[in-house]
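> Going by the UniProt record's numbering, the sequence shown runs without a break in its numbering and finishes at 570.
This structure is in structure tokens; I'll ask about it shortly.
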Amino acid sequence: MNPFLHHLLYFLKPKEKYQERSLRAVIVYQFLVICMGVFFLAASVDYILGIYWLGVLSTGWVCLFLGLLYMHYKGFYHWITSIAIIAINFLIFIHDAFYGVLAGVSYFFFPLLFAVFSTITFKNKNFFYFHLLLTIICWFTTEITEHSLLLYTGFSVDILHKVHIFCMVLALIATLCFVYFIFAQIRHNAVIQERERLKKVVDNNNQYIILVDTNRKIELFNKRFYDFYREEYQTTLEVGKDYISYIHPYNLVGFEEGFRNAMTGTIFQKDILFQKSTETTWMTAHFVPICNKDNEVVSVAISLLDISERKNFERSLQETNNKLQQANQELDQFIYRSSHDMRTPIASTMGLLDLLEEEADETEQQAYIALIHKNTYKLDQLLIDIAQYVKIKHQKIASTSIHFRGLVQTIVTDIKQKTKDDSIHFQLDIRQKDTFYSDEERIRSIITHLVSNAVAYRNTSIQSQISLTVDVSDKVKIFIKDNGIGIEEEYQHKIFDMFFKASIQSTGSGLGLYTVKEAVRTLGGFIHMQSVAGAGTSFMVEIPNQEVSRQPRKKVKKSPQPVSTLSYNL
């Protein structure tokens with residue numbers, strides 16, 4: 001659940017009981033309480049002044065507003081408003097009989113009248129217009145008849161003046177109160193509108209959202225969540241009920257785990273297999289704590305996002321990946337077995353050709369036999385390279401202690417036996433003081449292919465120089481540099497591609513550098529190449545020590561005659 005929804009739900013969370021009612025009901029309630037209080041005070045003053053009949057009348061008004069409060073409790077808001085407006089009109093015109101000295105009474109009740117008007121929502125304008133018209137007609141009739149239709153009483157001037165002052169004070173207090181209530185209504189209307197606007201945002205969200213208190217009682221839910229339960233379970237969500245009662249037993253454990261974590265102030269997220277009425281679907285559940293200003297958890301927001309399509313895609317992708325892996329394994333196995341199976345007759349043929357070459361006398365026959373021998377060798381080398389690539393790519397890393405001086409000498413000796421050019425000069429620099437652990441077969445393959453490439457792409461018009469430096473510490477750095485024909489710049493980005501050959505001079509399979517790249521990648525290292533056409537090529541390989549973090553380094557046992565730099569002329 002994103003932070004926006006988190007703050008949104010906190011804003012929408014009911015913080016007072018009266019917010020669960022309509023704004024009109026709140027204002028009507030305030031109006032009735034003030035009116036009852038005013039008439040209770042008026043009745044008390046009337047009894048003190050000895051105006052008993054007026055005190056009885058005020059007491060009757062108190063009883064009327066008590067009855068209206070009871071109707072308010074029952075929810076009869078329209079009836080309350082109608083009775084209150086009619087009663088206030090009646091009261092205004094009765095008191096207006098004392099035209100002049102008791103005008104303050106009218107000033108008191110006119111604000112009450114308009115306060116009642118303010119309680120009418122815009123959803124029922126006709127109701128408002130009817131009572132406004134009734135008030136205007138009554139007032140206009142009274143003024144036209146010069147109050148002749150109203151009841152007159154014979155109060156003394158002294159009492160009238162006292163009542164006038166009392167009514168003016170009440171009018172001022174009531175006016176201030178209702179001005180405050182009207183402004184409070186305006187502010188509250190703005191809050192209500194904002195709440196409604198934000199509630200639409202929550203309702204239109206693509207997640208199922210529900211807000212529960214610390215006792216697991218439902219405080220709020222969006223329309224999507226409500227419709228989901230109504231359609232799937234034929235159940236109607238209700239505010240105030242325990243949300244656990246709506247959770248399928250299959251999902252109960254996951255929801256309880258999320259609720260407990262959220263109550264500790266921790267945001268909890270989990271993918272759950274949600275049980276619907278007839279099927280199950282994957283959903284991501286977020287349990288977000290809603291805290292007050294004291295950072296105390298007061299509610300938990302629960303959101304569910306349907307991820308069944310994503311899960312189905314992941315499952316389909318995994319199945320496809322498994323099939324591809326199986327196909328690759330079968331293909332690699334086929335190539336590996338085929339290369340071994342085909343090498344047997346090829347090796348036999350090569351042996352027979354060797355015998356034929358030794359026993360043949362004719363020059364032309366010798367040439368054909370040499371050509372057959374060469375092509376057969378190329379085929380054999382291709383199969384060897386393919387088998388080696390498959391083995392290096394899929395064989396698990398076998399970490400052993402590697403002594404680079406002996407390894408490099410063996411590789412150079414093997415290449416010497418296969419090469420018939422005595423002009424190549426090797427310069428070896430082996431620097432190893434610590435024990436190095438890695439996969440020796442892959443290290444051997446890397447060095448062999450790089451050195452073989454340096455030999456294969458040598459410049460036959462000059463003295464060939466190949467330098468090989470090995471520097472061992474917590475990682476091994478292998479530098480191989482030659483002064484061969486180099487690689488054209490336009491081809492340098494392709495040299496590690498499978499079956500790529502940068503020169504027509506190449507007699508190899510095109511798998512050598514590709515195999516080197518895979519071996520280096522498997523060992524967690526990297527390889528870098530620099531080349532200038534006509535000037536030579538250099539490779540730098542860096543491979544980490546596989547055991548450097550698990551055991552202390554050991555000193556390599558020195559030979560009786562330690563040699564750091566060796567030179568070979570092939």
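Cβ atoms here follow ideal geometry from the backbone N, Cα and C, with glycine treated the same way.
(1) If you draw a straight line from the alpha carbon of K241 to that of N321, how long is it in whole angstroms?
(2) How close, in whole Å, do the beta carbons of E518 and K393 come, if the pair is a contact with beta carbons under 8 Å?
(3) Could you check what DSSP says for T281 in three-state terms: helix, strand or coil?
(4) Whose CA, out of D332, E542 and V532, lies closest to the CA of F526?
(5) Note down, in chain order, each residue of its chain lying with its Cβ closer than 8 Å to the Cβ of H449, except the 5 sequence neighbours on either side.
(6) Determine the DSSP secondary structure at D497, reduced to helix, strand or coil.
(7) Within its chain, find whatever has a CB closer than 6 Å to the CB of A262; leave out the 5 residues flanking it on each side and keep chain order.
(8) Can you tell me whether F259 is helix, strand or coil according to DSSP?
(9) Is R224 helix, strand or coil by DSSP?
(10) Less than 8 Å between the beta carbons of I446 and V520, yes or no?
(11) Per the DSSP calculation, I478 is bridged to which residue(s)?
(12) On the DSSP bridge assignment, give the partners of C291 in chain order.
(13) Helix, strand or coil for F155? Go by DSSP, reduced to three states.
(14) In the DSSP output, which residue or residues are listed as bridge partners for Q530?
(15) Can you give me the C-alpha to C-alpha distance between I402 and I462, rounded to a whole angstrom?
(16) Are the segment 459 to 475 and the segment 437 to 446 touching, with three or more C-beta to C-beta distances below 8 Å?
(17) Express the C-alpha separation of R197 and R260 in angstroms, rounding to a whole number.
(18) Closest to Q427 by CA distance: which of R405, A535, K74 and F436 is it?
(19) Count the other CB atoms, across all protein chains shown, that sit within 10 Å of the CB of L273; report buried if there are 16 or more and exposed otherwise.
(20) Starting from Q409, trace the alpha helix (DSSP H) in both directions and tell me its first and last residue.
(21) Beta-carbon separation of M540 and F479 under 8 Å?
(22) Count the other CB atoms within 10 Å of the CB of Q207; is the residue buried (16 or more) or exposed (fewer)?
(23) I need the DSSP call for Y457, collapsed to helix, strand or coil.
(24) Of the choices I397, K475 and S303, whose alpha-carbon is the least far from that of T522?
(25) Just list the residues that DSSP pairs T400 with in beta bridges.
According to the data block:
(1) 47 Å
(2) 5 Å
(3) strand
(4) E542
(5) G512, L513, T515 and V516
(6) coil
(7) F268, F287, P289 and V300
(8) helix
(9) helix
(10) yes
(11) V470 and V541
(12) V297
(13) Reliability of the predicted coordinates at F155 is poor, the pLDDT of 48 falling under 50, and the value obtained from them is presented with this limitation in mind. Coil, per DSSP.
(14) S538
(15) 35 Å
(16) no
(17) 31 Å
(18) R405
(19) exposed
(20) F404 to K418
(21) yes
(22) buried
(23) coil
(24) I397
(25) S438
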